[in-house]
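Novice:
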Ligand code: GLU
């Protein structure tokens with residue numbers, strides 16, 4: 152489970168930034184202008200279509216009642232049902248959820264899967280809640296947002312602080328109210344109840360694939376490349392494991408409580424065993440302890456920020472030594488940092504492309520559930536690779552042709568597709 156690293160590493164608080172939603176709105180505006188996107192379409196993209204705030208009671212294990220606040224936001228559903236994860240974290244806000252919903256719309260459009268974007272979240276700390284409390288919270292939250300979700304309209308999935316078990320409870324709650332099992336209401340489910348093979352590590356696999364494609368373009372390849380991974384949750388751990396399989400040397404990994412460093416390389420599987428036993432990565436044999444902030448500035452070829460937003464900002468961007476950044480997290484780099492990294496010749500593969508593997512395999516899971524026809528893992532991985540490679544090449548071609556960085560190119564590709572869909576559908580009534 153990924154946690155906000157800045158809670159523990161005081162120096163990273165330099166990156167504390169203003170409203171992520173305002174910043175994504177600004178970025179959209181800056182990209183739409185030179186593309187001559189119609190003003191009405193720009194205005195639509197800057198707003199979220201539907202926003203639901205819910206305050207609901209949960210009986211805690213000590214018998215007391217606690218009120219929790221949750222959100223479900225649908226940013227845009229022009230290209231298909233709204234799609235996006237649910238985050239359980241103490242720092243969840245309405246503003247952050249809006250930004251995350253916009254990124255989902257863009258992500259689905261970059262990789263050209265038939266979805267719009269949504270996001271949900273509950274302000275809570277799943278790390279200190281019992282399984283019973285988490286189940287009651289999840290079932291009540293799922294009931295509260297059931298006026299929005301459904302297999303044809305809005306399909307949640309895991310995000311920071313949530314997992315397949317939580318998806319199982321959402322699927323069960325929704326199904327109980329319908330009177331029959333609805334597999335397509337949520338993705339990232341356990342395999343036994345309609346999950347997809349390959350979904351659990353899909354986001355990490357997408358990171359590995361984009362790292363490979365980017366490394367080839369940079370003429371460096373993955374063999375012997377040194378890698379630092381911030382965040383050892385679902386995304387960071389799978390990315391580290393799969394990159395190591397490709398021949399990379401994982402020199403550092405971290406979780407919310409700090410990081411470990413060994414220039415000779417760390418074995419991600421052994422680090423995972425250590426984390427499962429002790430609850431942290433720190434303390435792993437033959438490793439030096441580093442802070443999350445230090446990890447970002449280590450000498451390495453590839454940096455994978457796979458924790459939370461705004462970790463790379465104007466305060467630390469000048470000190471980053473990696474040649475390539477693969478954004479496993481959503482929004483880990485601020486706009487100011489992007490400029491600094493660009494000037495310094497560091498290539499950033501943006502979140503909406505690099506971490507799209509998760510939602511791509513979510514799409515496969517949804518299709519499999521609707522058809523009740525399940526695929527082999529090899530099929531899933533092959534189709535994922537096909538979509539990731541195609542999207543990467545399309546973004547790279549815009550980047551080279553328009554002489555813009557990969558994020559701007561990805562946004563241009565996505566906004567072009569969404570604007571076309573909006574134009575074709577027209578305005579109702
Ligand atoms: N939470 C993941 C993301 O940010 C997955 C979303 C999904 O599969 O719908 O991309």
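In my numbering, the protein residues as written are 152 to 580. A virtual CB, placed ideally from N, CA and C, is assigned to each residue, including glycine. Predicted model, so just to flag it, every value in this text is computed and none were measured.
(1) Is residue 278 near the ligand GLU, going by C-beta to nearest heavy atom under 7 angstroms?
(2) Mind the definition here: the stretch 360 to 377 touches the stretch 460 to 480 only if three or more C-beta pairs lie below 8 angstroms; say whether that holds.
(3) Run through the stretch 324 to 406 for me and flag every whole alpha helix (DSSP H) of 4 or more residues, listed as ranges in chain order.
(4) Looking at the unbroken alpha helix (DSSP H) that takes in residue 506, where does it start and where does it end?
(5) Report yes if the CB atom of residue 97 is closer than 8 angstroms to the CB atom of residue 539, and no otherwise.
(6) With distances taken Cα to Cα, identify the nearest neighbour of residue 542 among 171, 257, 239.
(7) Please give me, in chain order, every unbroken run of the beta strand (DSSP E) with length at least 3 that falls completely inside the stretch 494 to 568.
(8) So the alpha helix (DSSP H) residue 578 belongs to, where does it begin and stop?
(9) Is residue 312 near the ligand GLU - that is, is its Cβ less than 7 angstroms away from at least one heavy atom of it?
(10) At a cut-off of 7 angstroms, would you count residue 513 as near the ligand GLU, judging by its Cβ distance to the nearest heavy atom?
(11) Sort out for me which residues DSSP pairs residue 305 with in a bridge.
(12) When DSSP labels each residue in this structure, what does residue 257 get in the three-state scheme?
(13) How would you call residue 438, buried or exposed, if buried means at least 16 neighbouring beta carbons within 10 angstroms?
(14) Whose C-beta lies closer than 6 angstroms to the C-beta of residue 383 among residues of the same chain, with five residues either side of it excluded?
(15) To which residues of the same chain is residue 536 closer than 7 angstroms at the C-beta, ignoring the five residues directly before and after it?
(16) Buried or exposed for residue 153, please, with buried defined as at least 16 other CB atoms from any protein chain shown within 10 angstroms of its CB.
(17) Thinking C-alpha only, which one of 262, 560, 336 is nearest residue 303?
(18) Between the C-alpha atoms of residue 192 and residue 324, what's the straight-line distance to the nearest angstrom?
(19) Please state the DSSP three-state secondary structure of residue 435.
(20) Are residue 443 and residue 478 closer than 8 angstroms when you measure CB to CB?
(21) In this structure, does DSSP put residue 238 in helix, strand or coil?
Specialist: Working from what's here:
(1) Here residue 278 refers to the residue found at position 127 when the chain shown is read from its first residue. Flag unset: Cβ of residue 278 not near the ligand GLU.
(2) In short, these stretches touch, since the Cβ pair count reaches three.
(3) The qualifying runs are 353 to 368, 385 to 396.
(4) Within the chain shown, numbered from 1, the residue matching residue 506 stands at position 355. Per DSSP, residue 506 belongs to no alpha helix (DSSP H) and is neither H nor E.
(5) Since the first residue of the chain shown is 152 and the last is 580, residue 97 is not available in this structure.
(6) Residue numbering aside, residue 542 sits at position 391 when the chain shown is read from its first letter. The residue with the shortest Cα to Cα distance from residue 542 is 257.
(7) Counting only runs of 3 or more, we get 498 to 500.
(8) The sequence position of residue 578 within the chain shown is 427, counting from 1. Run containing residue 578: none; DSSP gives neither H nor E here.
(9) Here residue 312 refers to the residue found at position 161 when the chain shown is read from its first residue. Not one heavy atom of the ligand GLU sits closer than 7 angstroms to the Cβ of residue 312.
(10) If you number the chain shown from 1, residue 513 lands on position 362. Using a cutoff of 7 angstroms, the CB of residue 513 counts as near the ligand GLU, since one of the ligand's heavy atoms is closer than that.
(11) One-based indexing of the chain shown puts residue 305 at position 154. For residue 305, which the question treats as bridged, DSSP gives the partners 233, 301.
(12) Residue 257 sits at position 106 when you count from the first residue of the chain shown. Residue 257 falls in the helix class under three-state DSSP.
(13) By one-based count along the chain shown, residue 438 stands at place 287. Residue 438 should be labelled buried.
(14) Here residue 383 refers to the residue found at position 232 of the chain shown. These residues qualify, in order along the chain: 404, 406, 432.
(15) The residue given as residue 536 occupies position 385 in the chain shown. Only 360 meet the Cβ criterion.
(16) The residue labelled residue 153 in the question sits at position 2 within the chain shown. Any reading at residue 153 needs caution, since the residue's pLDDT is 36, under 50, leaving its predicted position unreliable; the model's value is listed next. It is buried - the Cβ of residue 153 has at least 16 other Cβ atoms within 10 Å.
(17) The sequence position of residue 303 within the chain shown is 152, counting from 1. Distance check between residue 303 and each of 262, 560, 336 places 336 closest, using alpha-carbon atoms only.
(18) One-based indexing of the chain shown puts residue 192 at position 41. One-based indexing of the chain shown puts residue 324 at position 173. So the alpha carbons of these two residues sit roughly 36 angstroms apart.
(19) Reading the chain shown from its first residue, position 284 is the one you call residue 435. In the structure shown, residue 435 sits in coil (DSSP, three-state: anything other than H, G, I, E or B).
(20) For the purposes of this step, residue 443 is taken as residue 292 along the chain shown, with counting starting at 1. For the purposes of this step, residue 478 is taken as residue 327 along the chain shown, with counting starting at 1. Their beta carbons are not under 8 angstroms apart, which means residue 443 does not touch residue 478 by this criterion.
(21) For the purposes of this step, residue 238 is taken as residue 87 along the chain shown, with counting starting at 1. In this structure, residue 238 counts as strand in the three-state DSSP scheme.
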